[in-house]
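Take a look at the structure below.
Numbering (this note's numbering), first residue to last: 52 to 220.
As structure tokens, then:
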């Protein structure tokens, strides 16, 4: 969608920009999606992406949590509209990763105005930043993992975050 000369696209728009990411990082990301088979999926697989069907992982909260806990961390683009508008959007999945002590590399949507960014929770704006920061995160994984858990506890634990939010009303 376009409004006042600015494009507000979906997540696929941003994902496409990141297609070369595995080649730039030497990492092989695994995406849970119902992309199905076809040329688009094959194109991503040739670029170093792996895919898992969501059914077995997402149909039961215990399986979903186990999948996240077994993951090294999260790497995720945001919907292009959130990026363009800088809405501050932040993924509920990212909250879960952080609460499990897993680092998050998340596209900047303005969320860094409210959450600490740089260690454990890392923002990127383009492919180059995403690749550079992923390599740094992997190099210092233990530091990022500890910081991720701290961010989860300090900023996202309901027993702490809800009273803080209510105090602002």
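Cβ atoms here follow ideal geometry from the backbone N, Cα and C, with glycine treated the same way.
{"Query": "N- and C-terminal bounds of the alpha helix (DSSP H) containing residue 136", "Result": "131-136"}
{"Query": "Which of helix, strand or coil DSSP assigns to residue 88", "Result": "coil"}
{"Query": "CB contact flag (residue 126, residue 196, <9 Å)", "Result": "no"}
{"Query": "Residue-level contact to chain D via CB, residue 133, 9 Å cutoff", "Result": "Included in the structure is just one protein chain, with no chain D present."}
{"Query": "Beta-carbon proximity list for residue 99, same chain, < 7 Å, skipping 5 on both sides", "Result": "73, 74 and 79"}
{"Query": "Proximal residues to residue 151 (C-beta, below 7 Å), its chain only, five neighbours per side dropped", "Result": "119 and 120"}
{"Query": "Residues sharing a beta bridge with residue 101, DSSP", "Result": "81"}
{"Query": "Beta-carbon proximity list for residue 175, same chain, < 7 Å, skipping 5 on both sides", "Result": "156, 158, 159, 181 and 184"}
{"Query": "Residue from 97, 102 and 95 whose Cα sits closest to the Cα of residue 85", "Result": "102"}
{"Query": "Collapsed DSSP secondary structure at residue 110 in the structure displayed", "Result": "coil"}
{"Query": "Residue 68 versus residue 179: straight-line alpha-carbon distance, rounded", "Result": "10 Å"}
{"Query": "Same chain, Cβ closer than 6 Å to residue 171, five either side skipped, listed in chain order", "Result": "154, 195, 198, 199 and 202"}
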